[in-house]
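In my numbering, the protein residues as written are 7 to 106. Note that CB positions come from ideal geometry on N, CA and C, so glycine has one too.
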Amino acid sequence: MRDKRLQKLERHFAVLCNGAKVNILNYHLKREADGSLVLELITKIRSPVLSQGVVEFEMNDSGALHFSGKWMGEFHQPNVTRYYYLVKQQLYPNEEQVGT
7 MRDKRLQKLE
17 RHFAVLCNGA
27 KVNILNYHLK
37 READGSLVLE
47 LITKIRSPVL
57 SQGVVEFEMN
67 DSGALHFSGK
77 WMGEFHQPNV
87 TRYYYLVKQQ
97 LYPNEEQVGT
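This is the structure we're talking about:
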């Protein structure tokens, strides 16, 4: 059982969510028809930290991407969980606000 968990972690990378370290497989940013920006996080390891109402993410150790958003929902598939967030603010280091 321990080997299976380690195998899952090999493909994940860490992001900070509200200051807590969370492992994800991938993420996607999508522009919806109404102009809103949606962040999708994909992981094999569920985390209660990702289901909180308002979240802040740092996607890189150097803080290269910083998102602030509201949790929209999650979708469970066999072995994969997808979390969706409505992006309120997208900040890059030393730059002005980019998102909505």
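In the DSSP assignment, what are the bridge partners of residue i?
i, result
"V44", "K36, L92"
"I51", "Paired residue(s): none; I51 is not in a bridge."
"G59", "None; G59 has no bridge partner."
"L31", "Looking at the DSSP assignment, L31 forms no beta bridge with any residue, so it has no partner."
"G79", "Y90"
Using C-beta distances below 7 Å, list every residue in its chain close to residue i, excluding the 5 sequence neighbours before and after it, in chain order.
i, result
"L22", "F63, E64"
"V61", "C23, N24, G75, W77, Y91"
"R37", "L43"
"Q58", "N24, W77"
"N85", "K50"
Spatial neighbours of residue i within its chain, please: CB distance less than 6 Å, with the 5 preceding and 5 following residues excluded, ordered by chain position.
i, result
"Y89", "L47, L56, E80"
"R52", "T87"
"T49", "I30, L31, T87"
"A26", "V55"
"Y33", "L47"
Are the CB atoms of residue i and residue j nearer to each other than 9 Å?
i, j, result
"Y91", "L31", "no"
"V28", "A39", "no"
On a CA-only basis, which of the options is nearest residue i? Give me that one, please.
i, options, result
"Q95", "G75, V61, E38, N24", "G75"
"L35", "P84, H72, A26", "H72"
Apart from the five residues just before and just after residue i, which ones in its own chain have a Cβ nearer than 8 Å to its Cβ?
i, result
"V93", "L35, S42, L43, V44, L45, F73, S74, G75, G105, T106"
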